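The next block holds one structure in the form of C-alpha cells; read it before the comments.
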Amino acid sequence: MAEIGIYGGTFAPVHLGHIRAAETALASLPLDKLLVIPAGIPPHKRLTAGDDPADRLEMLRLAFADADPRIEISDYEINAEGKSYTALTLKHFSENGDHLTFFCGTDMFESLDTWYHPETVFSLARVVHLRREVTDAEDLKRFGELQRHYEETYGADILQLDAEPLVMSSTEVRSRIEAGLSLDEFLPSPVAEYVRSHRLYGAPYREEALAAEVARVIGNEYRFSHTLGVVKEAARLAEMFSLPPEEAEELKLAAYLHDITKSIKGNGQKELYFYYGLPFGETEERSPKTLHAVTGAYFARERFPDLVTDRIFNAIRRHTTGEAGMTLFDKLLYLADYIEEGRSFPDCVALRDLFARLTEEKGVSEAVLDETMIRSFDLTLEGLMKDGDYIHPMTVAARNSLV
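Rendered as C-alpha cells:
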C-alpha cells in the first residue's frame, strides 16, 4: 500500500506559492507520490474568461519539470466528465487500496463541510491543512475549533501542518499579468513565458520586450535599425493587403526575427547549420550571404518556440532567396525586407518606386505583388551575373514559378 498525496486546485495560474506548498508536503510527510491535480470544472470557483484546462495542465508541467520526481501532474479531473468534485477524485485514487493524504489551504479547510459529500472526503483521506496565511492566536483558535468539528462530525483524521508561508494568490497574479507588471517573484520563469506568449489572463503582447531581445542578439545598431524598418513596412503591407489580424501580427513578428542571425560572420553560419543538423553542400558553400535566412528561421524557432509558427518559420527561411510556391505571407515579408524606407541601395529604391507606381495604377492585388516580385528577382540575378557570383537555384525557381 503506497502513501499517496493529493494536492488539487484550479492553478490559474500555478505560482510559486503552490510550488512551496508541494515542497512542504513532501518534506513534512513520508509520501511515495504527490499527485498535483488541476480541476477541470471547479465546483466553487468561476473560471476566468477563455480559460483552457489544457493551458493550466501545461503550466503545471512546466512549473514542476525539475522538481522532486515524486511529484506527478495528473490530468484525471481535466479528463473526467462534469464538475471536479474532490470526493469523486479521492474515490478514484483509493481504488488500489493506497493510503491517501489530501492537502488543502486555509480557504479550503474552512469550507470543507460545504463540499460535495464531505463525509466521503474525510473517510477516504487524511486531511492536511497547509496554513498559507500568517496566523495569529485567533486564527489558531478558529482552526482548532474547525478541526474538532470535523473530527467529531465525520471522524476525520486532521493534521495541521506548520510551514513557512509564501503569501500570494492566483487572483493577485492574474491582476499583475493583466497590468503588465513583473512576474519574477510570483511565477516560475517558464510559466511566466508561457503566460506571455499565449497571452493568458489578459497578458498584453510585449512587443517592446521582443524588440529589446532581438536588438541584444543582433548586437548591431545599423542592422537593428533595418529590422525596425522592415517591421514598419510589414505592418503597412499587412494593412494594404487586408491580412486578418492574426496574420498581420505574425507578419510583424516575422519582420522582427527575419535577420536574427545576420550579424553572425565567418564560420558561424556554417556552425549553425551543423548545430541544427542541416545539410551543408556546394550551394550553401557558394551562397554565404543567404545562409542567415535558414539559420535565422531555426534560431528564431528555438529561441521563441511559443511565438514562431510554421508560417513565420517558412517566411523567414524564404526571405532572402525566395522559393517556388511562396505564399502571400512569404512574399510580403520578402518585399518588406527589400523596400523598407531605410534602404538606399539603387535596386531597393527602384523596386520601392515600381511597387508604388504599380499599386497606384492597378490597385492592390497579389498580381501586382507578383509583378513586383519578378522584378526583384530580376534585379538580384542581374547584380549576381554582373559580379560573376553564384546564383542560388531557389531564386531562379522562385522567379520561374511566378512567370
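Each residue of the sequence shown is one higher than the one before, counting from 1312 in the numbering used here. C-beta atoms are modelled at their ideal positions from N, C-alpha and C, and glycine is treated no differently. As the structure is a prediction and not an experimental result, all values here were calculated from the model.
Nearest residue (CA-CA) to residue i, options the options
i: leucine 1346; options: Pro1354, Tyr1387, Gln1471; result: Tyr1387
i: isoleucine 1575; options: Pro1599, Asp1473, Tyr1465; result: Pro1599
i: valine 1528; options: Ala1604, Lys1452, Arg1614; result: Arg1614
i: glycine 1416; options: Leu1472, Met1684, Asp1495, Ala1522; result: Leu1472
i: aspartate 1658; options: Glu1677, Ala1678, Asp1689, Arg1668; result: Asp1689
i: alanine 1323; options: Asp1450, Ala1338, Ser1486; result: Ser1486
i: glutamate 1651; options: Leu1548, Glu1524, Glu1519; result: Leu1548
i: glutamate 1462; options: Val1679, Met1370, Asp1424, Asp1447; result: Asp1424
i: proline 1354; options: Leu1342, Glu1334, Ala1398, Ile1315; result: Ala1398
i: histidine 1440; options: Val1484, Ser1339, Pro1380; result: Ser1339
i: alanine 1522; options: Arg1510, Leu1644, Ile1571, Arg1654; result: Ile1571
i: proline 1380; options: Thr1464, Leu1337, Tyr1533, Thr1683; result: Leu1337
i: valine 1731; options: Trp1426, Pro1501, His1537; result: This structure cannot speak to residue 1731, because the chain is shown only from 1312 to 1714.
i: glutamate 1557; options: Arg1453, Ser1422, Val1619, His1403; result: Val1619
i: glutamate 1421; options: His1403, His1428, Gly1455, Asp1409; result: Gly1455
i: histidine 1509; options: Pro1555, Trp1426, Asp1366, Glu1561; result: Asp1366
Bridge partners - residue i, DSSP secondary structure assignment
i: valine 1347; result: Tyr1318, Ile1384
i: cysteine 1659; result: None; cysteine 1659 has no bridge partner.
i: arginine 1437; result: Thr1412
i: isoleucine 1469; result: Val1438
Cβ shell of residue i (< 6 Å), same chain only, five flanking positions each side left out
i: arginine 1372; result: Ile1384
i: alanine 1526; result: Phe1535
i: leucine 1583; result: Thr1606
i: valine 1675; result: Met1551
i: glycine 1634; result: The sequence shown places glutamate at residue 1634, rather than the glycine named in the question. Answer for glutamate 1634: Met1705, Ala1709, listed in chain order.
Counted within 10 angstroms of its Cβ, other Cβ atoms place residue i as buried (16 or more) or exposed
i: phenylalanine 1433; result: buried
i: lysine 1356; result: exposed
i: methionine 1312; result: exposed
i: lysine 1563; result: buried
i: glycine 1328; result: buried
i: serine 1395; result: buried
i: aspartate 1641; result: buried
i: leucine 1451; result: exposed
i: glycine 1636; result: exposed
i: glycine 1393; result: exposed
i: serine 1481; result: buried
i: lysine 1573; result: buried
i: methionine 1263; result: The structure shown has nothing for residue 1263, since the chain only spans 1312 to 1714.
i: alanine 1709; result: buried
i: arginine 1507; result: buried
i: arginine 1442; result: buried
i: leucine 1646; result: buried
i: asparagine 1492; result: Just to set this straight, residue 1492 is leucine in the shown sequence, not asparagine. The residue in question, leucine 1492, is exposed, as its Cβ has fewer than 16 Cβ neighbours within 10 Å.
i: phenylalanine 1585; result: exposed
i: glutamate 1677; result: exposed
i: proline 1499; result: buried
Straight-line Cα distance separating residue j from residue i
i: leucine 1639; j: aspartate 1681; result: 9 Å
i: serine 1553; j: asparagine 1531; result: 33 Å
i: glutamate 1671; j: alanine 1559; result: 22 Å
i: glutamate 1593; j: alanine 1661; result: 32 Å
i: asparagine 1390; j: glycine 1351; result: 7 Å
i: lysine 1581; j: leucine 1589; result: 9 Å
i: alanine 1332; j: aspartate 1362; result: 23 Å
i: glutamate 1524; j: asparagine 1407; result: 51 Å
i: arginine 1622; j: phenylalanine 1656; result: 29 Å
i: valine 1478; j: glutamate 1595; result: 56 Å
i: glutamate 1519; j: leucine 1539; result: 12 Å
i: valine 1438; j: isoleucine 1330; result: 19 Å
i: serine 1405; j: alanine 1448; result: 36 Å
i: threonine 1335; j: glutamate 1504; result: 25 Å
i: aspartate 1700; j: glycine 1694; result: 8 Å
i: glycine 1320; j: leucine 1494; result: 20 Å
i: proline 1341; j: glutamate 1314; result: 7 Å
i: leucine 1457; j: glycine 1466; result: 13 Å
i: alanine 1378; j: tyrosine 1587; result: 29 Å
i: aspartate 1285; j: arginine 1597; result: Because the chain in this structure spans residues 1312 to 1714, residue 1285 falls outside the shown range and cannot be described.
i: leucine 1261; j: glycine 1577; result: Given a span of 1312 to 1714 for the chain in the structure shown, any question on residue 1261 remains unanswerable.
i: proline 1616; j: lysine 1673; result: 40 Å
i: isoleucine 1469; j: leucine 1511; result: 37 Å
i: glutamate 1544; j: leucine 1644; result: 9 Å
i: arginine 1453; j: lysine 1344; result: 31 Å
7 Å Cβ shell around residue i - same chain, five flanking residues per side excluded
i: threonine 1691; result: Thr1706
i: isoleucine 1627; result: Ala1565, Leu1568, His1569, Ala1604, Gly1607, Ala1608, Ala1611
i: aspartate 1648; result: Val1541, His1569, His1630
i: arginine 1686; result: Leu1662, Leu1665
i: asparagine 1625; result: Asp1641
i: aspartate 1409; result: Met1312, Ala1313, Ile1315
Neighbourhood of residue i by C-beta distance below 8 Å, restricted to the same chain and skipping five residues each side
i: leucine 1401; result: Ile1317, Leu1411, Phe1413, Thr1431, Val1432, Leu1435, Ala1436
i: leucine 1368; result: Pro1349, Ile1384, Asp1386, Ile1389
i: methionine 1696; result: Ile1702
i: threonine 1683; result: Leu1646, Leu1662, Leu1665, Phe1666, Leu1669
Distance cut-off 7 Å: residue i Cβ against heavy atoms of the ligand GDP
i: glycine 1320; result: Only the bare structure without any ligand can be found here, which leaves the ligand GDP out of the picture.
CB contact check: residue i to chain D, cutoff 8 Å
i: phenylalanine 1322; result: Annotation note: the requested chain D is absent from the structure, which comprises a single protein chain.
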